[in-house]
Structures are given as C-alpha cells and as structure tokens.
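Inspection log for the structure reproduced underneath, given as structure tokens.
Protein chains in written order, with UniProt numbering: chain A, 1 to 354; chain B, 1 to 354; chain C, 1 to 354.
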C-alpha cells in the first residue's frame with residue numbers, strides 16, 4: 001500500500017468530522033520579513049515595534065504579524081486534508097480574527113466539516129469546513145468557513161449524509177474582536193502614512209488604489225511554500241502544461257495579500273483585519289499578470305463602548321491587467337463578473353476615529 | 001476627493017520644508033537573511049555575531065546589519081513623499097553612516113528640502129533633500145543628500161523660491177564616524193576572507209571584481225518591496241510596457257548592493273561603509289542584465305587617533321553585460337559615460353590596518 | 001598583483017592541507033523562513049518549537065534548523081577555497097550530522113585535503129576533502145567527504161604527491177548520532193503528518209513521492225546566495241550563455257533540498273538526517289525543469305540501546321521532467337543512469353518506532 005498522501009476525496013468526509021491538521025508552525029521575524037518582501041505591505045502597526053507599542057499592541061519588542069500572514073499559515077495547514085483534490089476554492093464566510101499573533105508564537109489548525117453535498121454530475125461535490133487557527137496558548141488567532149469543490153474518488157460512491165450549512169452573513173459589530181490593550185490615543189497619522197480616519201469614510205465611497213504590481217512565478221511559489229500550502233496546481237508546470245489553463249495557478253491568498261497591500265494607498269489607517277464576511281476568487285491569476293485593486297466602503301460600524309476605534313466593512317476588488325479607475329466589477333451583460341476581476345472580498349477592518 | 005496619495009509634484013515642495021516620512025520599520029534577522037539571499041554579501045562583520053563580537057561590534061548576540069540595508073530602508077521611507085513622481089534619481093552626496101544598526105532596532109526617516117529649481121522646459125524640476133534615518137534611540141544611522149528630477153503637476157505653476165544648494169564634496173576624514181567600541185586588534189583575515197589590509201591598497205589602483213550576476217524580476221521586486229520603496233516604475237509591467245523602456249526599471253539601490261557584494265572579491269576587508277561622497281545611476285538596468293563591477297582606490301585616509309583602522313575612498317563602477325577587465329568608464333568619445341556603465345559610486349570604507 | 005581571489009587550482013592543493021574557510025555565519029529564524037519559502041519543507045520537528053520541545057529538541061523557544069540548511073551553509077563556505085574552479089562536483093560520502101543547530105548559532109567550516117589525483121588529460125584532476133562544520137560552541141554540526149574535478153592552472157605542473165583515499169562506505173549504526181535529549185515517547189503522528197513509523201518500512205520498498213515542483217532562476221540563485229556559495233556557474237547568464245549548456249546550472253544542493261521536501265509525502269516521520277552515505281548529481285538541472293522524486297528503503301537499522309527511535313537507510317532519486325511512478329533509475333542500456341535522473345543520494349534518517 002502506498003504511503004503517499006493522495007488527499008481526501010468527497011466521500012472521505014463526514015459531517016461533524018474533526019480534522020486536526022499536521023505541521024504546527026512557529027512564525028518568526030523571518031516570516032515577517034518575507035511577507036514584506038513578497039507584498040510590500042506598509043501598515044505601521046505591523047511594520048514597527050515602536051508604533052505597535054504606541055497603540056498598546058507591542059509585545060516583547062515585537063509588532064504583531066500581519067493578519068493575512070496568520071490566515072495563510074492556518075489555511076495552508078488545512079490544504080493537505082481538505083483541498084488537495086479540490087477543483088476550486090469556492091468561497092469564504094464568517095471569518096474572524098482574534099488574538100494578535102507575534103513572532104515566536106506557534107500556530108496550529110483544526111477543521112470541522114459543517115456541510116457536504118454532491119454535485120449533480122456525481123463526479124464532484126462541495127465540502128464546507130470551519131477552520132480554526134490557535135496559538136500555543138490556545139487563543140483563537142483566526143477562524144473562518146470555506147467551501148471547496150472536491151473530486152470524488154469513485155463517482156458511484158454514495159454519501160452517508162448531505163447537508164448544506166446556512167452560511168453566516170457579515171460578522172456583526174458585537175462579534176468583532178478588538179485586541180486586548182488596544183489604545184489609539186497616541187495614534188500618529190503621519191507615521192502611519194494616511195490623514196484619513198474612520199470618520200472620513202462614507203458608505204458607498206469608492207477608492208481606486210491606483211498602483212499595479214506584476215506577479216512572478218518565483219514570488220507566488222515562494223509565498224505558497226512559506227505557508228506550507230501544498231496544493232499541486234501552484235507548483236508543477238510539467239503537469240499544469242497539460243491542464244485546464246496550461247499554466248501554474250496562483251494561490252488565491254497571494255492575490256488577496258497583494259490587493260490588501262495595494263489598498264494601503266487610500267486605506268492606510270485600516271491597521272487591523274477584524275472579519276472576513278465573504279469572498280471569492282472570481283477568476284484565476286497567472287504569473288505575468290499585473291494586479292490592480294479598488295475598494296468600496298460598505299458600512300461604517302460603531303464598536304460597542306469604543307470612541308477611539310471604529311470598524312469599516314469594505315469590499316476589496318482586484319483585477320488583472322485592468323486599471324481600476326472605472327471600478328470594474330460586472331461584465332457587459334450586467335450580471336456576470338467582469339472577466340478582469342480576480343478577487344471580490346468582503347471584509348471588516350479596524351480604524352482609528354477622530 | 002480621492003484618498004489616494006498621488007505623491008508630491010515640484011510645486012508642492014518648499015525650501016526648508018521638513019517631511020517626517022511614514023512607516024517606521026523594525027529591522028530583524030529576517031531582513032538580514034533576505035539581504036544575504038538577494039545579494040550574497042560575505043563581509044564577516046555582518047555575517048557572524050562571533051566575528052562582530054571579536055571586533056567590538058557585537059550586541060546581544062547579533063552582528064550589525066549591512067550598511068546598505070540600512071540605507072535602503074531609510075531611502076524607501078522617503079519615496080512616497082519625495083520621488084513618487086520622479087523622472088530620475090539624479091545623484092547622491094554628503095552621505096555618512098553613524099551608529100551601527102542591529103536586529104530589533106526601529107528606523108524612521110525625515111527629509112529636509114534644501115534646494116529646488118525648475119527646469120527650462122517648465123514641465124519638470126529638481127528637488128534636493130537631506131534625508132536622515134534614526135533608530136528608536138534617536139541615534140543617526142545614516143544621512144545623505146539626494147536630488148531627483150520631479151514632474152510639475154501644472155507647468156504654469158510658479159515656484160515660491162528657487163535655490164540650488166552647494167553640494168558637499170567628499171566627506172572629510174574628521175567627519176567620518178568610527179563606530180563606538182570598534183577594536184581591530186583581533187581581526188582575523190582568514191575568517192574575513194581577504195589577506196589585504198588598508199596598507200596594501202594604493203591610490204590609483206584598479207580592481208576588477210571578476211564575477212557577474214544576472215538579475216531576475218522576482219529578485220529586484222522582492223528587494224524593493226522589502227525596503228517598502230513604492231516607486232511605481234519597478235513593479236508594474238502593464239504600465240511600463242507602454243513607458244520609456246517597455247520594461248520595469250530596477251531600483252538603483254539594488255544595483256548598488258549587488259555591486260558592493262561583487263566587490264568583496266578584492267575588497268573583502270572593507271567591512272564598514274563610512275561615507276557616500278557622491279554617486280549616480282548612469283544608465284537604467286533591467287531584469288536579464290548581468291552585472292559586473294570594478295573599483296578604483298581614490299584615496300587612502302588616516303583616521304585621527306587610530307592606528308588599527310584606516311579609511312579608503314573608493315570609486316565603484318558597475319556595468320551591465322560588460323565584463324570589467326578593461327575597467328570601462330567613458331564612451332568612445334572620451335567624454336560621455338560608457339553606455340554599459342550603470343553605476344558610478346564614490347564612497348568611503350573602513351578597513352583594518354597592519 | 002591582483003587582489004581578486006581566482007580560487008585554487010589542482011596544483012595548489014597539498015595532501016593533509018587544512019583550509020580554514022572564510023565567513024563564519026550566524027544562522028537565524030530568517031534563514032529558517034527562507035528555507036521554508038524556497039523548499040516548502042514540512043517536517044514538524046523543524047517547523048514548530050512546540051513540536052521540537054515535545055521530543056526533547058527544543059532550545060530557548062526554537063526548533064532546530066533543517067539539517068540540509070546546515071549542510072548548505074557549511075558547503076557554501078568551502079566553495080571559494082575548494083571548488084571555484086571545479087568542473088564538476090563528483091560525489092559525497094561519509095557524511096554525518098552531529099549536534100542540532102539552532103537560530104543564533106554561528107557556523108564555521110574547515111576542510112582537510114585527503115586525496116588528490118591528476119586526470120590522464122593533465123588538464124584536470126580530482127581533489128578529495130573532508131569538510132567539518134562546527135558551531136560557536138565547537139560542536140560538530142556536520143562533516144562529510146566530497147570530491148570534485150578541478151582545473152589545473154598549468155597543464156605542465158607536476159603534483160607533489162598523489163593519493164586516492166579509500167572512500168567510507170555507509171555510516172555504521174554505531175556511528176550514527178542520536179541528538180542528546182531526544183525522547184520520542186510523546187511523538188504525535190497526526191501533527192507530524194504521517195501515520196507510518198520505522199516499523200512500517202521494509203527494505204526494498206519503493207515510494208513515489210508523487211508531487212512535482214518547477215524551479216525558477218530567482219529561487220535557485222537566492223538559495224545559493226543564502227548559503228554564500230560563490231560557484232560562478234549558478235549566477236552569470238552572460239558567461240554561461242557561451243558555456244557548456246548555454247544556461248546557468250543549478251546548485252546540486254538546491255535539487256537535494258527540493259527532493260527531500262518532496263519526500264515528506266511518504267516519509268513524513270523521517271524527522272532527522274543522520275548520515276550521508278553517498279551521493280552524486282547525475283545530471284545538471286536548469287531553471288524551468290520540474291523535479292520529481294522517489295525513494296527506496298535500503299536498510300532498517302536498529303540503534304544501540306534505543307527502542308523509541310530507529311534509522312532507515314534510504315536512496316533518494318530525483319528526476320527532471322519525468323514523473324516517478326515507474327521509479328526511473330537506469331537508462332535503456334541497463335547500465336548508465338537514466339538521463340532524466342539528476343540526483344542519486346544514499347542517506348540515513350532517524351524515525352520514531354512503534
């Protein structure tokens with residue numbers, strides 16, 4: 001019998017199944033530096049221990065890690081069990097960021113199967129999981145629901161049980177987590193790089209993030225390996241040259257981090273991710289593509305008991321080879337997604353108030 | 001009104017203006033490892049805590065960071081305010097390295113506008129700034145003057161005041177900073193990788209650094225993002241394909257660090273940068289180019305009160321796709337720069353004496 | 001006289017010569033993160049301080065470094081003295097891993113010339129060296145024999161002495177080093193990512209590691225520079241375009257680390273390298289190639305006095321652009337190596353027993 005992990009197929013999942021994922025991972029300042037090199041992120045809280053300390057988020061001379069770095073590490077752990085045989089990563093919902101994570105912390109990940117459903121073609125189906133990443137202290141760092149289309153090993157196999165879970169809507173204000181110790185009284189807009197605070201953003205406002213960034217094969221593969229994400233479509237040109245696209249696909253999270261870094265230009269004080277309300281990778285991205293991004297302010301949320309910090313619910317849209325001055329979203333038919341759109345992401349950030 | 005930073009144009013600068021740049025940055029051993037991966041530098045003082053400790057430059061089990069790493073971080077901070085709309089980075093002068101920087105230190109940067117002048121075409125002009133990078137302790141890590149050609153937003157705009165500053169000449173011996181605690185009595189030439197000390201170099205001596213290194217897109221973009229340098233010409237192939245060169249331009253500092261790393265072969269004991277006397281990026285560099293470098297010893301400088309350490313003023317010339325055994329510098333007309341030359345850099349290093 | 005190191009030629013080596021290599025190197029969590037980004041390794045002991053601690057290998061909140069990372073750093077130090085003028089890296093033998101290495105440790109390297117022989121063409125010869133890497137505590141981290149084909153400076157030069165050393169066979173069970181403090185009583189197979197232990201592997205068993213990974217120029221150059229390995233054939237497309245292959249050659253150790261990372265899928269509990277019994281880079285590898293790998297279990301070795309841990313002697317074979325489901329090794333003539341095989345590596349790992 002082969003000792004090689006070929007991954008789980010649709011009929012291998014069971015409702016309520018708990019998967020403790022392999023390879024706990026100590027994150028360090030090495031990961032932080034690589035995150036900066038790969039994405040060029042400039043949020044001051046994550047960039048400087050001194051700035052993090054000035055808002056109550058320093059720890060042992062360290063700034064907290066970028067929230068998406070934490071997300072990617074946790075996501076990566078789930079891949080060998082959940083999505084090695086995935087056809088597509090269909091969506092995210094109900095995501096919430098908890099305790100900030102610091103260099104030296106160790107992350108592990110557990111997933112629960114909360115839904116499973118066969119497609120009518122009987123070749124594939126959809127698995128819904130809730131994945132939770134925790135630090136060595138047991139604190140939840142991030143949790144989210146995702147659903148993926150997975151192949152069946154045997155089209156004739158019959159699922160023991162079928163269930164499509166009710167997907168959570170946007171995370172409610174009362175459920176957003178404000179990191180313990182956060183105090184924005186001394187928040188320095190100049191050092192942060194943006195004069196705009198929570199109060200300055202209006203629901204419906206759209207922001208073109210202007211800049212574009214071209215993706216190289218070496219970059220997305222280094223990133224995806226850094227997250228120990230083993231999904232095969234990202235790494236193997238020999239087999240992908242005979243695949244659907246003839247190319248290696250770029251991990252959707254790589255696109256997400258690039259778009260978030262681009263969004264600094266216009267949202268420089270969005271210093272902390274609080275929630276992932278929903279999101280999908282609308283189209284594949286390939287090396288050589290140049291990414292652009294724009295944002296829409298969906299909602300301005302007051303946080304219970306806080307006057308120094310508020311939340312903004314944002315839609316972050318990324319495109320390939322298409323500048324965003326016209327805020328591309330829908331195709332000419334007004335119904336489908338514009339084929340240039342690669343990411344449509346609904347998330348909530350924390351931002352200082354005036 | 002757009003919340004996106006479109007950068008300053010010529011008429012936005014004022015003589016005497018102080019710009020506190022955004023995004024303080026804690027540098028770590030992650031940056032050190034990336035610097036090694038990107039440039040392959042081999043200077044022993046920066047490579048090993050033990051070696052740094054043997055010459056009085058260790059701190060808390062760390063070696064100091066490469067001086068150019070510090071320069072790039074400080075330079076990068078100044079880009080969003082100074083050179084986002086730059087047409088060209090024209091030159092450096094009066095640069096001086098101060099306190100060594102260690103993993104865990106946080107750097108910030110401030111620039112003063114010391115000169116401003118419109119070009120006769122009224123479309124562009126030149127801004128001169130003195131940029132200072134400091135650690136969280138307030139110690140000056142590096143300071144330098146640079147001048148850039150910047151676009152005007154409005155060709156009709158009239159500058160409030162014009163001034164071309166007197167540019168500093170080579171940094172004088174008395175102004176060079178020898179790091180506190182430096183003691184070269186135990187300097188080990190074998191571990192350092194070179195038998196040649198200060199006394200062995202003669203003014204006028206030229207050294208071909210022999211080796212060549214080919215640059216890839218992924219490398220220069222990762223480096224430039226690591227320094228949080230946001231200049232657009234480096235990242236966006238979509239727009240650059242319609243630009244002057246049809247290609248992404250490589251950050252001049254990337255070329256500088258590659259040339260400095262090549263110069264180890266012949267200058268292996270030049271363990272510390274003390275001054276940037278002048279320098280310019282003579283021609284653009286692109287991915288796929290192979291860099292070569294040579295050096296000329298311009299001056300051998302005794303340092304007041306020191307017999308263990310001296311300074312060498314060096315000219316470092318880098319070429320693209322042109323080996324340096326013939327020390328290329330001037331074009332056939334004997335006046336212009338050889339089109340293969342991409343960097344002409346005048347700097348001062350510290351080196352152990354016999 | 002040139003101050004540039006042109007490297008040693010065959011006639012520069014002397015039997016019994018000791019070469020203290022330059023550039024001691026402090027390894028850090030920056031190197032660890034880059035190792036993960038470059039190779040995607042997932043062995044839990046090296047990935048998480050908590051997991052390392054659970055088996056007695058944690059130190060100061062750190063996991064030990066990947067054994068091959070240590071090997072590459074030590075190997076890299078030897079290049080400027082041993083193999084700058086190498087035509088080919090012919091083989092390894094008698095390699096042994098000693099004390100685990102942790103972030104913050106400083107490595108240095110010394111080689112002894114144990115053999116030298118001229119080839120009949122008088123243009124080249126073979127040098128045999130035993131290289132030893134030690135930490136700042138003086139503990140041996142790794143030692144191994146390698147032999148390289150080196151050019152002569154002068155074909156007429158006569159060697160003072162000729163000797164072909166007896167090459168060591170596979171490292172004996174009694175000579176394998178089990179790290180001090182190792183205790184596998186709490187080893188967690190689920191977190192480690194593999195249910196298979198030492199007892200489950202049978203001599204003669206072959207494992208196809210299934211996955212493939214395509215190599216990019218930026219990756220192998222960043223890796224090779226990270227190890228401060230200066231061999232010229234890896235970096236200079238300008239000169240290599242006129243060379244044997246018209247391409248930059250990939251450092252054989254880069255291929256080795258990629259193959260070892262691929263082997264996680266099937267050998268996930270092979271948590272520690274104990275010996276390099278032999279190995280050779282059978283064919284060159286180039287950017288754009290997709291690597292695959294397979295392993296054969298050569299021997300199951302009981303370790304004196306241990307019931308929690310055993311050793312497996314393994315053959316690791318890597319191929320380019322050739323999946324390994326048919327375990328490719330020999331060419332059609334049944335005698336030569338299959339031209340798709342790029343690595344044939346005989347090594348010994350430690351693995352938990354039931």
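Note that beta-carbon positions come from the ideal geometry of N, C-alpha and C, so glycine has one too.
Are the C-beta of residue i and some C-beta of chain B separated by less than 9 Å?
| i | result |
| --- | --- |
| residue 104 of chain A | no |
| residue 277 of chain A | no |
| residue 349 of chain A | no |
| residue 272 of chain A | no |
| residue 8 of chain C | no |
| residue 411 of chain A | Residue 411 of chain A is absent from the structure shown; chain A starts at 1 and stops at 354. |
| residue 99 of chain C | no |
| residue 40 of chain A | yes |
| residue 223 of chain C | yes |
Among the options, which residue has its Cα nearest to the Cα of residue i?
| i | options | result |
| --- | --- | --- |
| residue 149 of chain C | C/348, C/256, C/338 and C/9 | C/9 |
| residue 56 of chain B | B/88, B/346, B/309 and B/115 | B/309 |
| residue 192 of chain C | C/287, C/239, C/45 and C/325 | C/45 |
| residue 92 of chain A | A/53, A/169, A/271 and A/334 | A/169 |
| residue 155 of chain C | C/119, C/332 and C/141 | C/119 |
| residue 248 of chain B | B/67, B/285, B/60 and B/54 | B/285 |
| residue 114 of chain A | A/320, A/122 and A/128 | A/128 |
| residue 174 of chain B | B/323, B/302 and B/338 | B/302 |
| residue 326 of chain A | A/336, A/340 and A/335 | A/340 |
| residue 123 of chain B | B/133, B/137, B/152 and B/24 | B/152 |
| residue 20 of chain A | A/80, A/71, A/69 and A/72 | A/80 |
| residue 82 of chain B | B/36, B/35, B/32 and B/12 | B/12 |
Is there a Cβ from chain A that is less than 9 Å from the Cβ of residue i?
| i | result |
| --- | --- |
| residue 219 of chain B | yes |
| residue 327 of chain C | no |
| residue 151 of chain B | no |
Is there a Cβ of chain C sitting closer than 9 Å to that of residue i, yes or no?
| i | result |
| --- | --- |
| residue 268 of chain A | no |
| residue 47 of chain B | yes |
| residue 258 of chain A | no |
| residue 141 of chain A | no |
| residue 159 of chain B | no |
| residue 37 of chain B | yes |
| residue 34 of chain B | yes |
Excluding the 5 residues flanking residue i on each side, which residues of the same chain have their C-beta closer than 6 Å to its C-beta?
| i | result |
| --- | --- |
| residue 86 of chain C | 148 and 150 |
Leaving out five residues on either side along the sequence, give the residues of the same chain with a beta carbon under 8 Å from the beta carbon of residue i.
| i | result |
| --- | --- |
| residue 295 of chain A | 206, 207, 209, 263, 266, 267, 314, 315, 316 and 317 |
| residue 29 of chain C | 62 and 103 |
Tell me which residues share the same chain as residue i and place their Cβ nearer than 7 Å to its Cβ, disregarding the 5 neighbours each side in the sequence.
| i | result |
| --- | --- |
| residue 76 of chain B | 227, 228 and 229 |
| residue 62 of chain A | 49, 102 and 103 |
| residue 39 of chain B | 257, 258 and 261 |
| residue 177 of chain C | 96, 97, 98 and 274 |
| residue 278 of chain C | 91, 92, 93 and 346 |
| residue 254 of chain B | 220, 223 and 224 |
Is the closest heavy atom of the ligand PLP to the C-beta of residue i under 8 Å?
| i | result |
| --- | --- |
| residue 179 of chain A | No copy of the ligand PLP appears in this structure; indeed no ligand is present at all. |
Determine, using beta carbons only, whether residue i comes closer than 9 Å to chain F.
| i | result |
| --- | --- |
| residue 4 of chain C | Among the chains of the structure shown, chain F does not appear; the protein chains present are A, B and C. |
Proximal residues, the region 56-87 of chain B versus chain A, C-beta separation under 8 Å: 80
Residues of the region 183-203 of chain C with Cβ closer than 7 Å to any Cβ of chain A, in chain order: 190, 191, 192, 193 and 196
In chain order, each alpha helix (DSSP H) run of at least 4 residues that lies wholly inside the region 258-328 of chain A: 264-267
Whole alpha helix (DSSP H) elements within the region 61-101 of chain A, 4-residue minimum: 67-82
Contact list for the region 231-250 of chain B against chain A, Cβ threshold 8 Å: 232, 235, 236, 237, 238, 239 and 248
Contact residues within the region 207-218 of chain A, judged by C-beta distance below 7 Å to chain B: 207, 208, 209, 210, 211, 212, 213, 214, 216 and 218
Uninterrupted beta strand (DSSP E) stretches inside the region 1-50 of chain A (no shorter than 3 residues): 18-20
Chain C contacts made by the region 275-301 of chain B, where a contact means CB separation under 7 Å: 290
Positions along the region 8-32 of chain A whose CB lies within less than 8 Å of some CB in chain C: 20, 22, 23, 24, 25, 26, 28, 29, 30 and 31
Complete beta strand (DSSP E) runs within the region 204-246 of chain C (minimum length 3 residues, chain order): 206-208
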